[in-house]
Amino acid sequence: MKHLFSPYEIKDLSLKNRVVMPPMCQYSVTNKDGIATDWHYMHYVSRAIGGAGLIIIEMTDVEPDGRITDFDLGLWSDEQIPALKRIVDACHQYGAKVGIQIAHAGRKAEDAAKPVAPSAIAFDENSKTPRELSTDEVKDMVEKFRLAVGRAVQAGVDVIELHGAHGYLIHQFHSSYTNKRTDEYGRDLTKFGREVIEAAKGEMPESMPLIMRISAREYVDGGYGLNESIEFSREYQRAGVDMFHISAGGEGPIAAAGRPGTHVAYQVPMARAIKEALQVPVIAVGRLDEPALANSVIGNEEADLVAVGRGMLRNPYWTLEAATVLRKEIDVPQQYIAGFPRN
């Protein structure tokens, strides 16, 4: 029977267990240059030592003005590759596989002098009004995603995740709430996302899977729901997405902020619905910190992988602890064996 510590394979990605560390922004770049620091190294490598099967490095942006803040990671320059490669190589040393989330914040780029977006609509009354991208600029943006993915591959990652959730640029394009364009990228809301997917696939080995994170629902009046997200995910699947990472919100409140996600496993039904509708592998996320609960999501075949965010922020060794609680076999670092007694 499948469980949280069953191995998992998709294409050439082989995971020792089904525990994922999801991307969580650290806002810890020190010189505003987008280059990973010693903090990022310790942050990710400690979770590899702690037993996670897959670590997805935080939102990493395709251009300087694509960052949420000036303290976010970037991959718009070859100079940013070595620090990421150092992290990836170290995580591999401890048995974890590594992905990276490639993104652009669009209208939610807080520190950009003038954010860009599909349409000139501010996120809220406290946000800057973005400049609408021209058609040619949209095409240039696809190229920026392509180049960033290529750099990630050079850094040695095992999987790419495109950020199409939480109200950032790809999300802004496929939502009729934020995309009011009249050109080809407005008439076809998934065109930008599909072109980014195709560009990414062109930089990736054929054996490397592509993940896309989506918001399955927008918690805002006039936003889309599950039926719509199933349909745009179908288009993205046809374009080349191999697995979806199912979150919610972003235009309006992000569910992780506690509105409306006030109960455990609140996003799992959406993950299960997309998995069943598209017959596609999915990652479930959202208040799954309790080991027995995370294990049940796999055992009940509601998702293929489980992402544990805040639980891993609290405890880098969450995965080792979960294996102890669930009485599952896991390789514990020799130096830590005394701390994880076997039952």
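Residue numbering for the sequence shown is -4 to 338, as defined by the working numbering. Positions of the beta carbon are idealized from the N, C-alpha and C atoms, including for glycine. On a predicted model such as this, the values are computed, not experimentally measured, just so you know.
Query, Result
"Cut-off 7 angstroms between Cβ atoms - residues of its own chain near I5, not counting five sequence neighbours on either side", "P204, D237, M238, P276"
"Beta-carbon proximity of A211 to S170, cut-off 9 angstroms", "no"
"6 angstroms Cβ shell around R267 - same chain, five flanking residues per side excluded", "E297"
"Three-state secondary structure (DSSP) of Y180", "helix"
"Same chain, Cβ closer than 7 angstroms to Y39, five either side skipped, listed in chain order", "I50, I52, I82, C86"
"Test item: CB-CB of K109 and R126 under 9 angstroms", "yes"
"9 angstroms Cβ cutoff met for T314 and G94", "no"
"Distance, A31 Cα to T25 Cα", "9 angstroms"
"Alpha-carbon spacing of L(-1) relative to A115, whole angstroms", "44 angstroms"
"Paired residues, beta bridge with S242 - DSSP", "S210"
"P328 - DSSP class collapsed to helix/strand/coil", "coil"
"Three or more C-beta pairs below 8 angstroms linking the segment 160 to 174 and the segment 141 to 152", "no"
"Rounded straight-line distance, which links the Cα of D56 to that of L68", "6 angstroms"
"Pair within 9 angstroms by beta-carbon distance, I206 and H240", "yes"
"Selection from K186, E190, K123 that minimises the alpha carbon distance to A104", "K123"
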